[in-house]
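Numbering (my numbering), first residue to last: 1 to 254.
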């Protein structure tokens, strides 16, 4: 039979990491859906009336009073020839981050259940905590790479050869880092911190041999002791298992 070990006091930081990981995953999904990765400021406002266009990894949008629709958006596909490499990489890696983040949250919930609800069979607790930490860390890295790459392209004012139907110039007057990159960077860093919290969980790195019933030592709070009642056959003085109480006999004599 497995032993139940009380681990709640050891996993408070990991619970905080779970909360941070869940919040980070929501922010990463928000980053994927936002259009404001790049803000293109254009000189010709005859079509782009607002003078600013939003370039995301899935579509471009701008406001116009010269076109039938006030908000005009064009989709960006990974198969389009004009799409720069950093946007293609962002489309792939950000979706990888979303999937890994979901798997990391599921693993983290399972790990915290093992720690907080004192599951008797805790032989797999090391694997589950390390899996959650690895998935969180992989999520942060897979999102941080395309975000940093696209931010570098904005700062260098790199051009994109948009087709005519996009109504966007090849090169803007100037570019500005959009809010999506800021949100994604914050989420990625928070996800990396969550991963480190799970990877550094002390109990997961302890050399426990939970499969050995003779092992009664708890590396966190000292040795575990077992108390049992002796059998009648082990009593040294017969069936009563002890000596007569002299006080009891003296009271009877009186």
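The beta-carbon is built from N, C-alpha and C at its ideal position, and this holds for glycine as well.
### Task
Kindly list the residues whose CB is nearer than 8 Å to the CB of residue 166, restricted to its own chain and excluding five residues on each side of it in sequence; keep chain order.
60, 74
### Task
Would you tell me roughly how many angstroms separate the C-alpha atoms of residue 131 and residue 107, rounded to the nearest one?
Going by the C-alpha atoms only, they are around 7 Å apart.
### Query
Can you list, in chain order, the residues of its chain whose CB lies under 7 Å from that of residue 50, leaving out five sequence neighbours each side?
Only 62, 63 meet the Cβ criterion.
#### Entry: Pairwise C-alpha distance: residue 48 and residue 189
35 Å
### Query
Quick one: Cα of residue 30 to Cα of residue 134, how far?
22 Å
### Message
Can you tell me whether residue 44 is buried or exposed? The criterion is at least 16 other CB atoms within 10 Å of its CB, across all chains shown.
### Response
exposed
### Task
Report the partner residues of residue 60 according to the DSSP bridge assignment.
Under DSSP, residue 60 forms a beta bridge with 55, 74.
### Query
Hey, how far is the Cα of residue 65 from the Cα of residue 164?
The straight-line gap from Cα to Cα measures roughly 18 Å.
#### Entry: Secondary structure of residue 210, DSSP reduced to three states
Annotation note: pLDDT 45 at residue 210 (below 50); position unreliable, no value reported.
### Task
Could you have a look at residue 197 and say whether DSSP puts it in helix, strand or coil?
helix
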